[in-house]
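Student: In case it helps, mature numbering (1 follows the signal peptide of the UniProt record, and there is no 0) puts the sequence shown at residues -40 to -1, 1 to 516.
All residues carry an ideal CB built from backbone N, CA and C; glycine is no exception.
The model shown is predicted, which means the values in this text are computed figures rather than measured ones.
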Amino acid sequence: MARRRGTTRQGTGTRSPFRGFGAASALGALVCAPANLAQASPEASHTAIACPHVPASGEQAPTPLDLFGPLFVAVQEARLYPDSKTFADAEPRRAPDAIMADYCAQPPQGVDALRAFVEDNFTVPAQPGTLAPARRRIPLARHIVLLWSQLAREPSKPAPGSSVIALERPYVVPGGRFREMYYWDSYFTMLGLRVDGRDDLVEAMIDDFTALIERFGHVPNGTRSYYVTRSQPPFYYLMVGLSKSRDPVPRERRLAAMKREHAFWTSGEHQVRMPDGALLSRYASPVARPREESWGEDAALRAETGRAPDELYPDIRAAAESGWDFSSRWFADGRTMATIDTMDVVPVDLNALLFGLEQAIASTCREAGERACVDRFADLAAARRVAVERWLWDEAGARYGDYDLDAHSIRPGLTAASVYPLFTGLAAPARSGRVLQTVESRLVAQGGLRTSLVDTGQQWDAPNGWAPLQWIAIDAARRVGRPELAREIAARFLATVAREYCASGKLLEKYNVEQQVAGGGGEYPTQDGFGWTNGVTRALQAAYPALAGEGGCQRN
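1) Does the beta-carbon of Leu153 have 16 or more other beta-carbons within 10 angstroms, so that it is buried, or is it exposed?
2) Have a look at the DSSP bridge pairing and note the partners of Glu51.
3) Going by other Cβ atoms of all chains shown within 10 Å of its Cβ, with 16 needed for buried, is Arg39 buried or exposed?
4) Whose C-beta lies closer than 8 Å to the C-beta of Ala450 among residues of the same chain, with five residues either side of it excluded?
5) State the beta-bridge partners of Val124 as determined by DSSP.
6) So within the stretch 312 to 361, which uninterrupted alpha helix (DSSP H) runs reach at least 4 residues, ignoring any that extend past its ends?
7) Between Glu469, Val379, Gly237 and Trp492, which lies nearest to Thr486 when the distance is taken from Cα to Cα?
8) Leu261 lies in the alpha helix (DSSP H); which residues open and close that run?
9) If we count the other Cβ atoms within 10 Å of its Cβ and call it buried at 16 or more, is Asp335 buried or exposed?
10) Of all the beta strand (DSSP E) runs that stay within the bounds of the stretch 111 to 172, which reach a length of 3 or more residues?
11) When the distance is taken between beta carbons, is Ile166 closer than 7 Å to Met199?
12) In the DSSP assignment, find the unbroken alpha helix (DSSP H) run with Leu198 in it and report its ends.
13) To the nearest angstrom, how far is the alpha carbon of Arg137 from that of Ser44?
14) Which value, in whole angstroms, describes the spacing of the CA atoms of Phe291 and Asp362?
15) Go ahead and pull the three-state DSSP assignment for Ile59.
16) Give every residue of the same chain whose Cβ lies closer than 8 Å to the Cβ of Tyr186, excluding the five residues on either side of it in the sequence, and list them in chain order.
17) Can at least three beta-carbon pairs, one atom from the stretch 154 to 165 and one from the stretch 190 to 207, be found at a separation below 8 Å?
18) Can you tell me where the beta strand (DSSP E) with Arg233 in it begins and where it stops?
19) Quick check on the burial criterion: 16 or more other C-beta atoms within 10 angstroms. Buried or exposed for Pro389?
20) Just to confirm before moving on: does the CB-CB distance between Pro421 and Ala377 stay below 7 Å?
21) May I have the straight-line CA-CA distance separating Leu396 from Gly177, to the nearest angstrom?
22) Should Asp168 and Leu127 be called a contact, given that it needs their Cβ atoms to be closer than 7 Å?
23) Would you list the one or two residues that DSSP bridges to Thr375?
24) Give a yes or no on contact between the stretch 269 to 283 and the stretch 348 to 357, applying the rule of three or more CB pairs nearer than 8 Å.
25) What residues in its chain sit with their C-beta under 7 Å from that of residue 561, if we drop five residues either side in the sequence?
26) Which first and last residues belong to the alpha helix (DSSP H) in which Leu403 is found?
27) By the 10 Å Cβ neighbour count, where 16 or more other Cβ atoms means buried, how is Thr83 classified, buried or exposed?
28) Cutting at 8 Å between CB atoms, please list the residues of its own chain near Gly408, excluding the five before and the five after it.
29) Determine the extent of the alpha helix (DSSP H) in which Ser205 is found, giving its start and end residues.
30) Under the assumption that Glu51 contacts Glu257 (Cβ atoms under 8 Å), give the Cβ distance between them as a whole number of angstroms.
31) Just reading off the alpha helix (DSSP H) that Ser241 is part of, what are its end residues?
32) In whole angstroms, what separates the C-alpha of Ala427 from that of Asp354?
33) Give the straight-line distance between the Cα atoms of Cys513 and Glu460, rounded to the nearest whole angstrom.
34) Only counting the same chain, and skipping five residues up and downstream in sequence, which positions put a Cβ closer than 6 Å to that of residue 519?
35) Rank Tyr196, Val232, Glu318 and Gly329 by C-alpha distance to the C-alpha of Thr302 and give the top, closest one.
36) Would you call Lys466 buried or exposed, if buried means 16 or more other Cβ atoms sit within 10 Å of its Cβ?
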C-alpha cells in the first residue's frame, strides 16, 4: 500500500496540488515578489505579496483569496473580526480589481487604516445575531413552523466579487453564522420541511443540489466559493429519496448527478486501496493553505505545532469535509487537534453512505432499464460491503469503526459513526444487534446519543449530541428490529430540545446530552436557528406522536 504523504492511495504518483480547480485555487494565484507565494508560508505577511493582482478565471468560482489576495491575508492576520468567516463573507461595494488597484497603490498602514479601508470598500456582515426567542406559550412544533420562514431564502444575484454561489431556487440556511446553504445539514432540514408540508422547498433544494453537482462535479461544503474545494458527507441520494416528483426529466438529471458524485468520491485523493486490494474512500483535500473562513484558527494551529503546510492544512480541510469538524476521530493521539491526521483514516460513515449511494444508483438504473448500470453499481455495492465488513469491523469492541492506515488497525474509541452501516443497510444482521447493544450501553446518555466517549473540547465529541446523529441512530435501530431503543433515544433527545427551548426559547445547533443543556466546544459559539435540529425534531414528533407534547412550557 502506498504511503500517504506525497502519493495517492491508489499507487504511485505525486499528489495533485489543486485537483482541477485551476491556478486560482493556489495561494500563488497572485503575482508575488520576490518569489511566487505558493513557495512561501501561507501565513506570510501581506507585505510579501506584491501587486498587481491576477484575478481568477475559468468555470470555478473565484474565492476572496483569489480576488483580494494581499488584502485578504492582511485582514485575517490583523484579526479585524473575531470570526474569520466575517471578511470571507463580505460583499465588495465596487469592482474587485478597482479595490485592489487602490490597495496596491497605497496599502493602509496600521490596523485602524486597514479597518477604514475595508469599511469603505466592503459591506461586512453583522456579527450573527440570534433569532427572536419564542414566546414560551407557543408549542415547540408551532415555533419550528414559524422558523422555516425566517430561515428560508429566495434566490438572488450576489454582488460581483461576493463569495456567495448563486442558486436558482429557494433554499433554507441553518442559521447564525451559517448564512448559506450547507450540504449534509440540508437533508435533515428537509425531513422537517416534509413533515410540515413544505414539499415545494424540498424539491427546490434538491434542484439546487443537482445544479451544484452539474456545475462543480460534487456538492460543495456550502454555497460559498471558498467551500468549492471540498464537499460534505454524500447525502444527496437520500435527498432524492424524499422527492415526490414523478417527472422523468428531474429523475434523469438526478441519476446523472448521483453517478457524477459517486465518481468524485471514488477517484483521486478520495480513493484508498486497502492491503487486500479492496477500494474504499476517505475524506481528503489537496489544498495546502488555511481555510478562508477559519484562516486565523488554522494559521494559529500551524504556528503552535510547527507542522508543514502541506501536511497540516489538507488534514484540517479533510476533517471539515467530514462534517465532524472537529473530533477525536481525526486525531492520531485521540485527544489533541495538534495531531490531526484525517487523511490517514478510512471512515466508516463515508463508506456506509457510498454503499447506500451505489445501491440507490443501481435501483434507479433498474427503473430506467439500464441493465449495464444496474450490474456495475450492484457489484460496487457488494464489493464495498465486503471491504467494510473486513476492514472496518472491530470484533472485540462489537462496533464498526475507522481504519487507521498508519497503524493498520481500527482506531480505538467508540463513536456514533458506528451506526452508519446499520442506517444504510450495509451491516450484517448478526453484527447489527451487537452494535446496538454497544451503543445502548455506552453512548446513550440522559439527554440522547453522545457523539463519542472522549471529552476533547471539540464539538464533535462528548458530551455533545447532534440532531443528525440522533436521527441516524434512531432510524438504524428501527431498521434492525430495536424499536424500543429507537423510541428511547428519541424521547431523551426530544426532552433535551424541549428543556432548552423552555429555558431560552431557542433551538440550538448542538446539545450537551449529559446535562441536557446547550452544547459547547469547537471554533465558534453554539449557534441557534437551527436547521437540522428543527428538521429532526419535527420528524421525530411525527414518528412518535405520543412524544410530540415535548416542548409545551409552563407560563411564567
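Tutor: A quick look at the data gives this:
1) Around the beta carbon of Leu153, a 10 Å sphere encloses 16 or more other beta carbons of the protein chains shown; the residue is thus reported as buried.
2) Its beta-bridge partners are Thr83.
3) That one is exposed.
4) Closer than 8 Å at Cβ, skipping near neighbours: Gln430, Ile434, Leu500, Ala503, Tyr504 and Leu507.
5) DSSP, once it has assigned bridges, lists Arg184 as partnering Val124.
6) For the alpha helix (DSSP H) assignment, the uninterrupted runs of no fewer than 4 residues enclosed by the stretch 312 to 361 are, from N- to C-terminal side, 331 to 351.
7) Comparing Cα-Cα distances from Thr486 to each of Glu469, Val379, Gly237 and Trp492, the minimum goes to Glu469.
8) Per DSSP, Leu261 belongs to the alpha helix (DSSP H) from Trp255 to Thr265.
9) Looking at its Cβ environment, which holds fewer than 16 other Cβ atoms inside 10 Å, Asp335 is exposed.
10) With a minimum length of 3 residues, no continuous beta strand (DSSP E) run stays inside the stretch 111 to 172.
11) One thing to note: Met199 has its Cβ within 7 Å of the Cβ of Ile166.
12) In this chain, the alpha helix (DSSP H) harbouring Leu198 covers Tyr196 to Leu202.
13) Answer to the nearest angstrom: the Cα atoms are 11 Å apart.
14) Distance between the alpha carbons of Phe291 and Asp362 is about 12 Å.
15) In the structure shown, Ile59 sits in a helix (DSSP, three-state: H, G or I).
16) The beta carbon of Tyr186 lies closer than 8 Å to those of Thr23, Pro24, Leu25, Ala48, Ser123, Arg251, Glu252 and Glu253 in the same chain, with the five residues before and after it left out.
17) Output reads yes: the stretch 190 to 207 touches the stretch 154 to 165.
18) From DSSP, the beta strand (DSSP E) with Arg233 extends over Gln231 to Arg233.
19) With fewer than 16 other Cβ atoms from the protein chains shown falling within 10 Å of its own Cβ, Pro389 counts as exposed.
20) For clarity, residue 421 is Asp in the given sequence; the question names Pro instead. Annotated as distal: Asp421 and Ala377, with beta-carbon spacing of 7 Å or more.
21) Spanning the two alpha carbons is a distance of roughly 36 Å.
22) Taking 7 Å as the Cβ cut-off, Asp168 and Leu127 qualify as a contacting pair.
23) In DSSP, Thr375 forms a bridge with Ser412.
24) The stretch 269 to 283 is not in contact with the stretch 348 to 357.
25) No answer is possible for residue 561: it lies beyond the span of the chain, which begins at -40 and ends at 516.
26) Element bounds for Leu403: n/a, residue is neither H nor E.
27) Burial is judged here by how many other beta carbons sit within 10 angstroms of a residue's own beta carbon; Thr83 has fewer than 16 and is exposed.
28) Residues Gly425, Gln430, Ile449, Arg452, Phe453, Thr456, Tyr471 and Val473 of the same chain have their beta carbon placed closer than 8 Å to that of Gly408, with the five preceding and five following residues left out of the count.
29) Segment: none, Ser205 is in no alpha helix (DSSP H) and carries neither H nor E.
30) Actually they are not in contact, since the Cβ atoms of Glu51 and Glu257 sit about 23 Å apart, beyond 8 Å.
31) Premise fails: Ser241 lies in the beta strand (DSSP E), Leu239 to Ser241, not in any alpha helix (DSSP H).
32) When rounded, the distance between both Cα atoms is 26 Å.
33) Approximately 10 Å between the Cα atoms of the pair.
34) The first residue shown for the chain is -40 and the last is 516, placing residue 519 beyond what the model contains.
35) Nearest to Thr302 by alpha-carbon distance, out of Tyr196, Val232, Glu318 and Gly329, is Val232.
36) Buried, since its Cβ has 16 or more Cβ neighbours within 10 Å.
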